[in-house]
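Note sheet for the following structure.
Structural data, given as structure tokens:
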């Protein structure tokens with residue numbers, strides 16, 4: 001009840017009602033509705049501004065219902081059929097003496113005086129124009145109903161064609177046409193996506209030149225290994241774990257691998273030719289990954305290592321080491337003359353080198369003990 005401003009625009013309202021209890025209401029906006037006459041606003045005592053822009057008010061005499069709204073200052077009727085009547089502005093100004101602004105233009109005192117002087121003559125002309133408008137409106141409503149019924153039947157046949165034809169079709173500005181426009185918009189919003197055919201983007205897996213492209217539409221992680229020992233390629237594709245296997249399609253060609261995952265493609269170009277018939281594809285029961293083993297077409301012959309030969313070679317190496325160690329011991333321990341003493345070759349050292357070492361160590365000791373005395377004169 002304490003509302004002061006009320007917006008009711010774009011609601012397809014055809015009749016004003018149930019507003020008499022809003023005593024404190026000062027501004028009502030009725031733009032873009034289907035109102036045909038002004039009524040039931042006497043109870044809005046504090047009303048100062050009314051906006052009926054872009055409605056279908058053809059009964060201009062219904063403006064008299066606003067005479068008891070003494071605080072009404074602004075009134076907007078632009079976009080209504082009544083504005084095309086001759087003497088429309090003079091009739092409204094003379095009927096509502098409390099108005100200060102009509103359709104955004106201030107009412108001058110001279111304009112009000114002239115309107116009051118012409119009121120009787122203008123009133124009779126307005127009544128005649130109203131009768132003509134009401135007859136014309138009835139004819140238009142019947143014609144519009146037939147056109148709209150035909151358009152709805154066409155829409156059921158083909159949705160896409162009806163969409164384009166509906167918006168291209170020229171119709172008269174009537175309440176029925178506005179209602180049908182809103183219905184059409186609501187129907188297009190509620191139309192399921194499956195029925196509306198959207199143009200699909202053409203996927204290019206192979207170019208016009210025959211070049212194979214690497215594609216990863218599902219954005220899956222994968223691991224590709226070139227196993228030279230087993231002469232094959234291994235591909236581990238991280239498919240979603242809980243994805244049903246019926247939604248997967250795998251294909252191995254001589255140059256590439258292709259996997260379809262829920263209408264999305266994964267394609268990988270192989271570095272060499274392979275045997276598609278010998279390749280295998282298995283799905284892991286724990287991780288859900290797809291594991292491909294793809295044998296190469298160009299087989300590489302490699303020598304195999306025998307375990308027996310390897311063991312014998314190791315034994316031969318150990319025997320050689322033992323014999324070399326024994327020879328070293330024999331050379332180190334030798335007999336000199338008839339003496340039974342054993343001399344080690346490692347202990348034989350050159351005498352000159354020992355003498356030099358003793359001299360160097362002795363000179364180092366002297367340098368450490370020597371102390372220079374400044375009182376002693378220098379030697380000549």
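In full-length UniProt numbering, the protein residues as written are 1 to 380.
Quick reminder that beta carbons are idealized off the backbone N, C-alpha and C, glycines included.
Rounded straight-line distance, which links the Cα of residue j to that of residue i
| i | j | result |
| --- | --- | --- |
| residue 41 | residue 18 | 9 Å |
| residue 102 | residue 38 | 15 Å |
| residue 4 | residue 173 | 32 Å |
| residue 14 | residue 121 | 31 Å |
| residue 235 | residue 183 | 55 Å |
| residue 165 | residue 8 | 31 Å |
| residue 247 | residue 240 | 11 Å |
| residue 26 | residue 35 | 20 Å |
| residue 64 | residue 58 | 14 Å |
| residue 107 | residue 76 | 13 Å |
| residue 105 | residue 52 | 15 Å |
| residue 135 | residue 201 | 54 Å |
| residue 257 | residue 293 | 11 Å |
| residue 219 | residue 261 | 10 Å |
| residue 310 | residue 291 | Interpretation of residue 310 is limited by its pLDDT of 47, a score under 50 that renders its predicted location unreliable; the figure taken from the coordinates is listed afterwards. Spanning the two alpha carbons is a distance of roughly 35 Å. |
| residue 289 | residue 283 | 6 Å |
| residue 252 | residue 224 | 14 Å |
| residue 208 | residue 259 | 21 Å |
| residue 119 | residue 73 | 20 Å |
| residue 2 | residue 46 | 11 Å |
| residue 287 | residue 242 | 9 Å |
| residue 138 | residue 132 | 10 Å |
| residue 24 | residue 16 | 17 Å |
| residue 189 | residue 181 | 13 Å |
Contact under 8 Å by Cβ, residue i with residue j
| i | j | result |
| --- | --- | --- |
| residue 130 | residue 60 | yes |
| residue 55 | residue 30 | yes |
| residue 48 | residue 67 | no |
| residue 275 | residue 297 | yes |
| residue 28 | residue 12 | no |
| residue 279 | residue 254 | no |
| residue 264 | residue 217 | yes |
| residue 205 | residue 222 | no |
| residue 233 | residue 244 | no |
| residue 62 | residue 32 | no |
Coarse secondary structure for residue i, derived from DSSP in three states
| i | result |
| --- | --- |
| residue 35 | coil |
| residue 60 | helix |
| residue 172 | coil |
| residue 92 | helix |
| residue 13 | coil |
| residue 2 | coil |
| residue 281 | strand |
| residue 98 | coil |
| residue 294 | strand |
| residue 66 | helix |
| residue 138 | helix |
| residue 105 | strand |
| residue 216 | strand |
| residue 179 | helix |
| residue 264 | strand |
| residue 223 | strand |
| residue 187 | helix |
| residue 84 | helix |
| residue 373 | coil |
| residue 18 | coil |
| residue 394 | With the chain running from 1 to 380 in the structure shown, residue 394 is simply not present. |
| residue 28 | strand |
| residue 51 | strand |
| residue 205 | coil |
| residue 273 | coil |
| residue 45 | coil |
| residue 8 | coil |
| residue 75 | strand |
message = Going residue by residue through the segment 230-262, where are the continuous beta strand (DSSP E) segments of at least 3 residues, counting only ones entirely within it?
response = Qualifying beta strand (DSSP E) stretches, in chain order: 232-237, 248-252 and 256-261.
The segment 175-190 touching the segment 91-105, judged by at least three CB pairs closer than 8 Å = Fewer than three Cβ pairs drawn from the segment 175-190 and the segment 91-105 lie within less than 8 Å of each other, which leaves the two stretches out of contact.
task = Count the CB pairs spanning the segment 72-82 and the segment 105-120 that are closer than 8 Å, and state whether there are at least three.
result = Three or more Cβ pairs closer than 8 Å define a contact, and the segment 72-82 falls short of that threshold against the segment 105-120.
ask   = Do the segment 261-272 and the segment 205-218 touch if we need at least three Cβ pairs shorter than 8 Å?
value = As far as the Cβ criterion goes, the segment 261-272 touches the segment 205-218, which means the pair count is three or higher.
The segment 86-96 touching the segment 7-21, judged by at least three CB pairs closer than 8 Å = Two segments are said to touch when three or more pairs of C-beta atoms, one from each, lie closer than 8 Å; by this definition the segment 86-96 does not touch the segment 7-21.
Every unbroken alpha helix (DSSP H) inside the segment 109-136 [4 residues or more] = Fully enclosed alpha helix (DSSP H) runs of 4 or longer: 109-117.
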